[in-house]
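Protein chains: 4
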Amino acid sequence: MYRIIVDVKSRKPIYEQLVESVKTSVVKGFMKPDEPLPSVRQLAGELAINPNTIQKAYAELERQGIVYSVPGKGSFVSSDIKEVKDAHKNEILSQIEELAEHAREGGISKEEIIDTINKLWR
Amino acid sequence: MYRIIVDVKSRKPIYEQLVESVKTSVVKGFMKPDEPLPSVRQLAGELAINPNTIQKAYAELERQGIVYSVPGKGSFVSSDIKEVKDAHKNEILSQIEELAEHAREGGISKEEIIDTINKLWR
Amino acid sequence: MYRIIVDVKSRKPIYEQLVESVKTSVVKGFMKPDEPLPSVRQLAGELAINPNTIQKAYAELERQGIVYSVPGKGSFVSSDIKEVKDAHKNEILSQIEELAEHAREGGISKEEIIDTINKLWR
Amino acid sequence: MYRIIVDVKSRKPIYEQLVESVKTSVVKGFMKPDEPLPSVRQLAGELAINPNTIQKAYAELERQGIVYSVPGKGSFVSSDIKEVKDAHKNEILSQIEELAEHAREGGISKEEIIDTINKLWR
DNA sequence: GTGGTCTAGACCACG
DNA sequence: GTGGTCTAGACCACT
Chain U
2 MYRIIVDVKS
12 RKPIYEQLVE
22 SVKTSVVKGF
32 MKPDEPLPSV
42 RQLAGELAIN
52 PNTIQKAYAE
62 LERQGIVYSV
72 PGKGSFVSSD
82 IKEVKDAHKN
92 EILSQIEELA
102 EHAREGGISK
112 EEIIDTINKL
122 WR
Chain B
2 MYRIIVDVKS
12 RKPIYEQLVE
22 SVKTSVVKGF
32 MKPDEPLPSV
42 RQLAGELAIN
52 PNTIQKAYAE
62 LERQGIVYSV
72 PGKGSFVSSD
82 IKEVKDAHKN
92 EILSQIEELA
102 EHAREGGISK
112 EEIIDTINKL
122 WR
Chain P
2 MYRIIVDVKS
12 RKPIYEQLVE
22 SVKTSVVKGF
32 MKPDEPLPSV
42 RQLAGELAIN
52 PNTIQKAYAE
62 LERQGIVYSV
72 PGKGSFVSSD
82 IKEVKDAHKN
92 EILSQIEELA
102 EHAREGGISK
112 EEIIDTINKL
122 WR
Chain D
2 MYRIIVDVKS
12 RKPIYEQLVE
22 SVKTSVVKGF
32 MKPDEPLPSV
42 RQLAGELAIN
52 PNTIQKAYAE
62 LERQGIVYSV
72 PGKGSFVSSD
82 IKEVKDAHKN
92 EILSQIEELA
102 EHAREGGISK
112 EEIIDTINKL
122 WR
C-alpha cells in the first residue's frame, strides 16, 4: 500500500516531491522491502504527470539505494532498507542540530526548544 | 560592523544568501538599528558580484521590513528590530517543530532529539 | 556438473548472464565436451525465470559455437572446445590491454598494475 | 581546451559517453580546475545533440563531483579534483584485478598478462 | 545569456 | 507489459 502525492503548484520540483514521498513511505514502513512500486506509466497516469518526470524520480531513488529497477520487470523497494533508515535518521538529526545552533545564536533558550519538542509527544 | 559572505558555488541563489546573511547579522546583533548597510557598489566590488544581485537582495530586505532605504543616501538597518527578531524566533521554532514531527514519524525517539540539542549547550 | 547463477536485480540482461555463466563453466572445465546442458524447462524452473529467456541464451550459445543442439534431445557442450577456450583467452587479454592503456593515460604506473596482478598469484 | 566526442550509433547511451569523455579529460589534465565547460546549448549545437541529453550528462558529472554547476553562470570543472583522480585510479585498478582474476581462473598464466602490459610501456 | 524542470511523443531492449 | 534513452520545444529563476 502506498500513498504518493504531489503538488504541481509547489516551487519544489515535482520529481523531488516524488523522491521524498516514496522515501518517507519506505522509512515509515508503508512500503515493504521488495514491494513493487507503481509502474512509471501507471503512476504518470494516476498523477497526471509526464512519465519522464516519474522516471527521473525513480532514477534518483535508485541512486540513493531506496529502490532498485529491473528493466522489463518494474521498480521495487530495496531488499535491505536498514541503511536507508539510518541515513534518514542521521539526516534529520543533523538538520535539527543545525537549526538548534541557529536558534542558540539567535538568542533562543534551550528550554523554549525543548518545550516545542515536548509538545509533539504529549 | 557586518559580516556578509556568499558562496557562488552554492545552488541557493546569491540574492537569497545575501538576504539571509544580513538578516542573521541583524538578529545576532552584529548590525545595530539605523546602521548603514554597505553601498550596493561597494558590496558588489567586495564580493565580486553583479550589482543587480545586491540590489535585488536589498529590495527584498526592505520588503521584509529589515532595512529601510533613503533615496540618495543608502540603506539602513530598521530602527525597530524587535519585530524582526520575534519573527525570526518564531520561524526557527516552527522549523524545529516541523522537523521534530518528521523525526517522530520516522521512528526517532524524543530522547535522541533532546540529546542532540543538549550537546550544543554543553 | 554445472553451476549457473543469475542475479535478476542486475542491470545486465538475464540472458547475457546465462550465456556468460555457461561460457565460463565450459572454459573453466566445470562442464565437459558433449555433456548435456539442463533442459530449458528444468533450468527455467530452478532459476524461476521465463523459459523464453533460457531459450534465447541457448540460441546465443549455439551461435557462438559453445554448444550444439539436437532437436528433440536437448543442448550439449561442443565436442571441441579448444577454439572456445582460445577465443575466451584472447578476449580477456585484449580487455586487459585496453584497460591498461586507460590506466597509462590516467597516470597509473606500470608497477602499480603489476603489483595488483601479482597479488592474485600470491 | 577540451575535446568531447560522441558516437550516436554506439549502443552505449550518449549521455554516458559524454560523462566518460569529460571525466577522462579532467583526469588526464586536459581540463583544469574551475575551467568552464561549454554551455549546455553550445555543446548541444556543436555535437548536434539534444540539450536535454547534455543536461543529463552534466547532472551526472555534478553528482560524481567532477563538475559544479552554477545556475545562471555555467558549469565548471571542480576546484578540487584530487578525489576524482584517486577514485578513477582505484576504479581502473579494481577492474584490472577483476579481469586478471577471470584470466587466472581461465587458465591464463601470469606471464602472459604481464607481457601484455609490458608491451604498452615499450 | 545560463542551468534546471517539465511536457509530449517516440523508439529500444528485455521478459 | 516494463524501464531507459532520446528528441523537440517550452517555461522558469538567476546573473
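Chains as they are written, first to last, in the working numbering: chain U, 2 to 123; chain B, 2 to 123; chain P, 2 to 123; chain D, 2 to 123. Glycine included, every Cβ here is placed at the ideal spot set by N, Cα and C. Computed from a predicted structure; not experimentally measured.
Which class does P52 (chain U) belong to by DSSP, given the choice of helix, strand or coil?
Here P52 (chain U) sits in helix by DSSP.
Compute the Euclidean distance between the alpha carbons of I115 (chain D) and E113 (chain P), then round it to the nearest angstrom.
Going from the Cα of I115 (chain D) to the Cα of E113 (chain P) covers about 12 angstroms.
With a 10 Å radius around its C-beta and 16 neighbouring C-beta atoms as the bar for buried, classify I6 (chain P) as buried or exposed.
By the neighbour-count rule (16 or more Cβ atoms within 10 Å), I6 (chain P) is not buried but exposed.
Any C-beta of chain B sitting closer than 8 angstroms to the C-beta of I67 (chain U)?
No - not a single Cβ of chain B is within 8 angstroms of the one on I67 (chain U).
Spatial neighbours of R123 (chain U) within its chain, please: C-beta separation below 7 angstroms, excluding the five flanking residues on both sides.
Cβ contact annotation for R123 (chain U) (same chain, cutoff 7 angstroms, sequence separation greater than five): none.
At a CB distance below 9 angstroms, what residues from the stretch 19 to 47 of chain U approach chain B? Give them in sequence order.
Within the stretch 19 to 47 of chain U, those residues whose Cβ lies closer than 9 angstroms to any Cβ of chain B are, in chain order, T25, V28, K29, G30.
Entirely enclosed alpha helix (DSSP H) segments - the stretch 7 to 87 of chain D, minimum 4 residues:
The alpha helix (DSSP H) runs lying completely inside the stretch 7 to 87 of chain D and spanning 4 residues or more are 15 to 28, 41 to 48, 52 to 64, given in chain order.
Starting from the beta carbon of V71 (chain P), find every residue of chain U whose beta carbon is closer than 7 angstroms, and list them in chain order.
Here the premise fails: no neighbours, minimum Cβ distance about 31 angstroms.
Could you have a look at S110 (chain U) and say whether DSSP puts it in helix, strand or coil?
Note: S110 (chain U) maps to coil in three-state DSSP.
Please go through the same chain and pick out, in chain order, the residues whose beta-carbon is closer than 6 angstroms to the beta-carbon of A80 (chain U), but skip the five residues on each side of it.
Inspection of the sequence shows that residue 80 (chain U) is occupied by Ser rather than by Ala. The beta carbon of S80 (chain U) lies closer than 6 angstroms to those of P34, D35 in the same chain, with the five residues before and after it left out.
Three or more C-beta pairs closer than 8 angstroms, one from the stretch 66 to 82 of chain P and one from the stretch 57 to 66 of chain D: is that the case here?
Verdict: no, contact absent.
For the stretch 95 to 109 of chain U, enumerate the residues whose C-beta is nearer than 7 angstroms to any C-beta of chain B, in chain order.
Listed in sequence order: Q96, I97, E98, L100, A101, E102, H103, A104, R105, E106, G107, I109.
Where does I118 (chain P) fall in DSSP's three states?
I118 (chain P): helix per DSSP, three-state reduction.
Assuming V71 (chain U) and K13 (chain P) form a contact by the criterion Cβ under 8 angstroms, report the distance between their Cβ atoms to the nearest whole angstrom.
About 11 angstroms separates the Cβ atoms of V71 (chain U) and K13 (chain P), ruling out a contact at the 8 angstroms cut-off.
Which residue from P:K120, P:K111, P:L121, P:N119 puts its Cα closest to that of K120 (chain D)?
In terms of Cα proximity to K120 (chain D), the closest of P:K120, P:K111, P:L121, P:N119 is P:K111.
Would you say L62 (chain B) lies against chain U (beta-carbon separation less than 8 angstroms)?
Between L62 (chain B) and chain U, the shortest Cβ-Cβ separation is not below 8 angstroms.
Can you pull the chain U residues whose beta carbon is under 8 angstroms from the beta carbon of I114 (chain B), in chain order?
Those within 8 angstroms of I114 (chain B) in chain U are L94, I97, I118.
Let me know the secondary structure DSSP gives I5 (chain B) once reduced to three states.
It is coil, neither helix nor strand.
Cutoff 8 angstroms: R4 (chain P) Cβ touching any chain U Cβ
No, R4 (chain P) lies away from the interface with chain U (no Cβ there is under 8 angstroms from its Cβ).
Please determine, among B:A104, B:K90, B:T117, B:G108, the residue with the shortest C-alpha to C-alpha distance to E106 (chain U).
Nearest C-alpha to E106 (chain U): B:K90.
Is there a Cβ of chain U sitting closer than 8 angstroms to that of V7 (chain P), yes or no?
For V7 (chain P), the nearest beta carbon of chain U is not closer than 8 angstroms to its own beta carbon.
Take the Cβ of A104 (chain P) as the centre, count every other Cβ of all protein chains shown within 10 Å, and call the residue buried at 16 or more, exposed below.
Looking at its Cβ environment, which holds 16 or more other Cβ atoms inside 10 Å, A104 (chain P) is buried.
For R123 (chain P), which of helix, strand or coil comes out of DSSP?
Looking at R123 (chain P) - three-state DSSP - the assignment turns out to be coil, as it is neither helix nor strand.
Pull up the distance between the alpha-carbon of V85 (chain D) and that of I15 (chain D), whole angstroms please.
Approximately 22 angstroms between the Cα atoms of the pair.
Would you please verify whether the beta carbon of K74 (chain U) is less than 8 angstroms from any beta carbon of chain B?
Closer than 8 angstroms to the CB of K74 (chain U) there is not a single CB belonging to chain B.
Residues in its own chain within less than 6 angstroms of V28 (chain P) by CB, not counting five upstream and five downstream?
Here the set comprises K86, H89.
When the distance is taken between beta carbons, is I67 (chain B) closer than 8 angstroms to V23 (chain B)?
Using a Cβ distance threshold of 8 angstroms, V23 (chain B) and I67 (chain B) count as a contacting pair.
Check whether chain D comes within 8 angstroms of K57 (chain P), counting only Cβ atoms and requiring the distance to be less than that.
No - not a single Cβ of chain D is within 8 angstroms of the one on K57 (chain P).
Roughly how many angstroms lie between the CA atoms of A101 (chain U) and M32 (chain B), to the nearest whole one?
Each residue's alpha carbon lies about 22 angstroms from the other.
Under 7 angstroms by beta carbon: chain B residues contacting K90 (chain U)
Taking the beta carbon of K90 (chain U) as reference, the chain B residues within 7 angstroms of it are G107, I109, listed in sequence order.
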